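In case it helps, mature numbering (1 follows the signal peptide of the UniProt record, and there is no 0) puts the sequence shown at residues -33 to -1, 1 to 506.
A virtual CB, placed ideally from N, CA and C, is assigned to each residue, including glycine.
All figures in this text were calculated on a predicted structure; none of them were measured in a lab.
All remarks here apply to the structure that follows.
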Amino acid sequence: MGYPSRAVRGWRRRKGWTLLVWVVVVSLALADGRRVRQPRCPHGCTCTKDNALCESVRSVPHTFPSDVVSLSFVKSGFNEITGGSFAHTPTLHLLLFTANSFDLIDEDAFQGLPHLEYLFIENNKIAEISQYAFRGLKALTLPKDVFKGMDALTKVDLRGNNLICDCKLKWLVEWMHHTNATLDQIYCSGPPIHQGKKINDLLPHSFDCIAAEFATYQSLKFESISVDAFTLGNEQYVVFAQPFAGTCSFLEWDHVEMTFRTYDTIESTSTVVCKPMLIENHLFVIVAQLFGGSHIYKHDTSASKFIKIQDIDILKIRKPNDIETFMIDGESFFVIADSSKAGSTTVYKWNGNGFYSHQSLHPWYRDTDVEYLEISNKPHLILSSSSQRPVVYQWNRSQKKFDRRTDIPDMEDVFSIKHFRVQGDLFICLTRFIGDSKVMRWDGAMFKEVQTFPSRGSMVFQPVSTGNWQYAILGSDYSLTQVYQWDTKRGQFVPSQELNIQAPRGFSLVSIDGRVFLLASSFKGKTQIYEHLMIDLSN
C-alpha cells in the first residue's frame, strides 16, 4: 500500500484542527448557555459594588445584583411594604427608607433577611405597623428615633426579638414614655443588669449612658517635672517646672485661639518645683532648685513681672523634692520636703512681710513628698520618705506646731501620697516605684488598704476630680499611664483609659470657659494637655 501524498496529509491535519476548533467553540457555547446570568440593577436604581440606591420607584424591585448588602429607598411612590418584599435579597445588612410615601408596613415585611443589622425608617408617612412586621429579624439593631414623626402609630409589636437593653436602646424607653401607641410586653435578653426585665418597666434613668474620656488637645515642646494651676484676677494660669531649661514657665489661656500660650517665665537653675501661692490677692511663687538654693518670687502687677524677694535657708533645704501650701486659722504656710541626708523638711509661715522658718520636721530622713490634709477636721501632714514608712503629723493648736502622731504600717518605700474624698470619706493614693501602689481609706483611727495597683516604675499616683467624676492617674516610666475612674457601687477604682506620656511626674486639672483640661508634666518627653470630654453612649 502506498503512502498518501504530503498535500493529502496536510489536508487531514488541517481537517483535524478544524474539527478541534469546532469542538471547543461548541463546548464554550454550551457552557455559556448553562451560566446563570447576574441580575442587572433595576430601573430607577443606581448600583455600585455592594450598594444600591432606588429613587422615585413605584414598587420594590425583585432583582438586584447578588453582592448588594446595602439598599436604600428615597422618595419612592409605593404605598406599603408587603410581606416578603425582600426575600430575593437575603444578603442585605442595611436597609434604609427616607422620605417615602408608604403608610403601611405589613406582616413579615422583612422576612428572609437573616443578616439584616440596620433598619433605618426616616421621614416617611407611616400610619400602621402590622403586628408581625419585624418577625424573623434576629440580628437587627433598632436605630435611634426609628418611630420619630409617626404620630398616627397606634401599636408596635417587637415580640420575638432579642433586645439588648443597653444605652443603644435607651431612646426606645424614652419614646415609650411619650407615645400614645401601645407596645406589647417584651423582655430584655441583656445586659445582666436588665436581663429578664420587661422593657415596659424600665425608665430612662435606668440607663447610665454618660461616659467621659481625656482626649489629646495640645502638646507642648518642653519637658517638665511639676505642674500647678492657679487663679489670678479672673484668669486661670498654669506653671510648669522645667529642670533642663532651668525655668518656671507660666501659660495662660488664649480665649480666641483656644490654646495655652506663654505668659511669663522665671529663670532659675535645675528647677524641680514652681509652687504658686496667693496671699491677699498677691501672687508668690516658691522656686525649688537642686543647685544654687531655692527662692521666693512675688508678681509685681505694676511692672507685670516676677521679682525675687527672698532666699530660702540652704542649710535646711539642700535637696528640695516637693512643696505644699496651706492655711491654718487664717494664717498662710508652706512646707518643703527635703530629700537630702543632711537637710530637714521645714514649715515656713507668712508674717506679713516675708516667710520665716516656723518648724523643722523629720530631719535627715530623705523625705520625697509632703501632703497637707485634714483628718477629722484637724490639720495634718503626711511625709513620705525613702528611708522609712510614711509619717503622719497632727497640728497642735495650742502650740501652733505639728506633732508626730503615727506612721502608716507595712508601707515602706512610698515615694508620694496624695489624698481625695468621696462622699465624705477620706482616701489616700500611695505611689511606689517598686512594688504595688495602693489606695487606703481612713476608718476613723487609721488608714486601711482598699485596693492595690501594679506600678513598676511609678513616681506619681495622682487623684483628680471634676464634677462627679473622680479619677486616679498612675504614671510609669516603663509603660503607658493608666487612668482609673471611681466606681461608687464597688467603692473602688476601675480602669478607664490609657495615656501615652513619657515619664510623667505630675497632673493637674484646670477649668476654663466651661471646659476642663488635664495638664500632664513629662520628664523625658513633650508636656501634654488633654481635654475632659463627655460622651453620651445612647447617641
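Note down, in chain order, each residue of its chain lying with its Cβ closer than 8 Å to the Cβ of Met244, except the 5 sequence neighbours on either side. By 1-based counting over the sequence shown, the position of residue 244 is 277. So the list reads Leu250, Phe251, Val252, Ile253, Thr292, Ser299 and Phe301, once near-sequence residues are dropped.
Buried or exposed for Gly(-1), please, with buried defined as at least 16 other CB atoms from any protein chain shown within 10 angstroms of its CB. Locating residue -1 in the sequence shown gives position 33, where the first residue counts as 1. Reliability fails at Gly(-1), whose pLDDT of 46 lies under 50, so the model's placement of it is uncertain and no value is given.
Where Met287 sits in the DSSP three-state scheme: Counting from 1 along the sequence shown, the entry for residue 287 is found at position 320. According to the sequence provided, residue 287 is Pro. The question's Met does not apply to it. Looking at Pro287 - three-state DSSP - the assignment turns out to be strand.
Please classify Gly(-32): is it buried, with 16 or more other beta-carbons within 10 angstroms of its beta-carbon, or exposed? On the sequence shown, residue -32 is found 2 positions in, with the first residue counted as 1. Interpretation of Gly(-32) is limited by its pLDDT of 43, a score under 50 that renders its predicted location unreliable; the figure taken from the coordinates is listed afterwards. Result: exposed.
Going straight from the alpha carbon of residue 526 to that of His499, what length do you get? Here the chain covers residues -33 to 506 and nothing more, so residue 526 does not appear.
Among residues of its own chain, excluding the 5 on either side of Ser505, which ones have a beta-carbon nearer than 6 Å to its beta-carbon? Along the sequence shown, read from residue 1 onward, the residue named residue 505 stands at position 538. The beta carbon of Ser505 lies closer than 6 Å to those of Cys134, Lys137 and Cys176 in the same chain, with the five residues before and after it left out.
Using CA atoms only, rank isn't needed, just tell me which of Leu130, Ala255 and Gly157 is closest to Asn288. The residue labelled residue 288 in the question sits at position 321 within the sequence shown. Comparing Cα positions, the closest option is Ala255.
Under 8 Å, do Phe394 and Val417 count as touching if we go by C-beta distance? What you label residue 394 is simply residue 427 of the sequence shown in a count that begins at 1. What you label residue 417 is simply residue 450 of the sequence shown in a count that begins at 1. The answer is yes: Cβ separation under 8 Å.
Considering only C-alpha positions, which residue in the set Gln78, Asn167 and His145 is nearest to Tyr154? For this step, residue 154 is matched to residue 187 along the sequence shown. Comparing Cα-Cα distances from Tyr154 to each of Gln78, Asn167 and His145, the minimum goes to Asn167.
Verify whether the separation of the beta carbon atoms of Gly260 and Asp278 is less than 8 Å. Within the sequence shown, numbered from 1, the residue matching residue 260 stands at position 293. Within the sequence shown, numbered from 1, the residue matching residue 278 stands at position 311. Cβ atoms of Gly260 and Asp278: closer than 8 Å.
To the nearest angstrom, how far is it from the Cα of Ile281 to the Cα of Cys241? Within the sequence shown, residue 281 is the residue found at index 314, counting from 1. Within the sequence shown, residue 241 is the residue found at index 274, counting from 1. So the alpha carbons of these two residues sit roughly 17 Å apart.
Can you tell me where the beta strand (DSSP E) with Met244 in it begins and where it stops? To locate residue 244, count along the sequence shown from 1; it is residue 277. Residues Thr238 to Ile246.
Whole angstroms are fine: how far does the CA of Gly116 sit from the CA of Leu63? As a working note, residue 63 is residue 96 in the sequence shown. As a working note, residue 116 is residue 149 in the sequence shown. Near 16 Å, if we compare the C-alpha coordinates of Gly116 and Leu63.
Within the same chain, show all residues whose beta-carbon is closer than 8 Å to that of Thr448, passing over the 5 residues directly before and after it, in chain order. As a first step, residue 448 is located in the sequence shown; it is residue number 481 there, counting from the start. Result list for Thr448: Ile440, Leu441, Gly442, Glu465, Leu466, Asn467, Ile468, Pro471 and Ala487, in chain order.
Between Phe420 and Pro376, what straight-line distance do the alpha-carbon atoms span, to the nearest angstrom? In the sequence shown, residue 420 corresponds to position 453, counting from 1. In the sequence shown, residue 376 corresponds to position 409, counting from 1. Going by the C-alpha atoms only, they are around 18 Å apart.
Cβ-Cβ distance between Ile342 and Trp436 below 8 Å: The sequence position of residue 342 within the sequence shown is 375, counting from 1. The sequence position of residue 436 within the sequence shown is 469, counting from 1. Going by C-beta atoms, Ile342 is not nearer than 8 Å to Trp436.
Would you kindly work out how many angstroms separate the C-alpha atoms of Met225 and Leu130, rounded to a whole number? The count along the sequence shown starts at 1 and reaches residue 225 at position 258. The count along the sequence shown starts at 1 and reaches residue 130 at position 163. If I take the Cα positions, the gap works out to 43 Å.
Just mark Tyr445 as buried or exposed, buried being the case when its beta carbon has 16 or more other beta carbons within 10 Å. Looking up residue 445 in the sequence shown gives position 478. Exposed is the call here.
In the DSSP assignment, find the unbroken beta strand (DSSP E) run with Leu63 in it and report its ends. As a first step, residue 63 must be located in the sequence shown, where it is residue number 96. Unbroken beta strand (DSSP E) run through Leu63: Leu61 to Thr65.
Anticipated Cβ contact below 8 Å, Ser365 with Arg399, distance rounded: Mapped onto the sequence shown, residue 365 falls at position 398. Mapped onto the sequence shown, residue 399 falls at position 432. Between Ser365 and Arg399 a beta carbon distance of about 36 Å is seen, past the 8 Å cut, so the two are scored as non-contacting.
Proximity below 8 Å, CB of Pro330 to CB of Ile295: What you label residue 330 is simply residue 363 of the sequence shown in a count that begins at 1. What you label residue 295 is simply residue 328 of the sequence shown in a count that begins at 1. Their beta carbons are not under 8 Å apart, which means Pro330 does not touch Ile295 by this criterion.
For the beta strand (DSSP E) containing Met407, name the first residue and the last one. Here the question's residue 407 lines up with position 440 in the sequence shown. Where Met407 is concerned, the enclosing beta strand (DSSP E) stretches over Asp403 to Trp409.
Is it true that the CB of Val450 sits closer than 8 Å to the CB of Phe217? Walking along the sequence shown from the start, residue 217 turns up at place 250. Walking along the sequence shown from the start, residue 450 turns up at place 483. Against a cut-off of 8 Å, the Cβ pair of Val450 and Phe217 comes out as no contact.
From the DSSP output, which residues share a beta bridge with residue 507? Only positions -33 to 506 of the chain appear in the structure, and residue 507 is not among them; the question remains open.
Could you check the C-alpha separation between Asn80 and Ser37 for me, to the nearest Å? The residue labelled residue 80 in the question sits at position 113 within the sequence shown. The residue labelled residue 37 in the question sits at position 70 within the sequence shown. Per the sequence shown, the amino acid found at residue 80 is Leu instead of Asn. Roughly 12 Å between the two C-alpha positions.
When you compare each of His144, Thr183 and Gly157 to Leu170 by their alpha carbons, which one comes out closest? Sequence index remark: in the sequence shown, residue 170 carries index 203 (1-based). Taking only the C-alpha atoms, the option nearest Leu170 is His144.
On the three-pair Cβ rule with 8 Å, is the region 265 to 275 touching the region 313 to 333? No contact exists between the region 265 to 275 and the region 313 to 333.
Answer with buried or exposed for Lys491, where buried requires no fewer than 16 other C-beta atoms within 10 angstroms of its C-beta. Counted from its first residue, the sequence shown places residue 491 at position 524. So Lys491 counts as exposed.
Exposed unless 16 or more other CB atoms sit within 10 angstroms - verdict on Pro430: Position 463 of the sequence shown, counted from the first residue, corresponds to residue 430. By the Cβ neighbour-count rule, Pro430 is buried, with 16 or more other Cβ atoms within 10 Å of its own.
Looking at C-alpha atoms only, which residue of Ser425, His55 and Leu104 is the closest neighbour of Glu74? Position 107 of the sequence shown holds residue 74. Among Ser425, His55 and Leu104, the Cα nearest to that of Glu74 belongs to Leu104.
Alpha carbon to alpha carbon, how far is Thr373 from Val381? Give it in angstroms, no decimals. Taking the first residue of the sequence shown as 1, we reach residue 381 at position 414. Taking the first residue of the sequence shown as 1, we reach residue 373 at position 406. One C-alpha to the other measures close to 16 Å.
Per DSSP, which residues does Met501 bridge with? Please list them. Numbered from 1 along the sequence shown, position 534 holds the residue referred to as residue 501. BP columns for Met501 point to Ala179.
Can you tell me whether Arg(-28) is helix, strand or coil according to DSSP? Indexing the sequence shown from 1 puts residue -28 at position 6. The pLDDT assigned to Arg(-28) is 39, lower than 50, so where the model puts this residue is not dependable, and the model offers no usable value.
For the candidate residues Phe211, Ile233 and Asn248, whose alpha-carbon lies nearest to that of Arg198? Numbered from its first residue, the sequence shown carries residue 198 at position 231. Here the sequence assigns Thr to residue 198, which means Arg is not the residue at that position. Nearest option by C-alpha distance: Asn248.
Assigned secondary structure, Leu136 (DSSP; H/G/I helix, E/B strand, else coil): Walking along the sequence shown from the start, residue 136 turns up at place 169. Three-state result, Leu136: helix.
For Asn506, three-class secondary structure by DSSP: Translated into the one-based positions of the sequence shown, residue 506 becomes position 539. In the structure shown, Asn506 sits in coil (DSSP, three-state: anything other than H, G, I, E or B).
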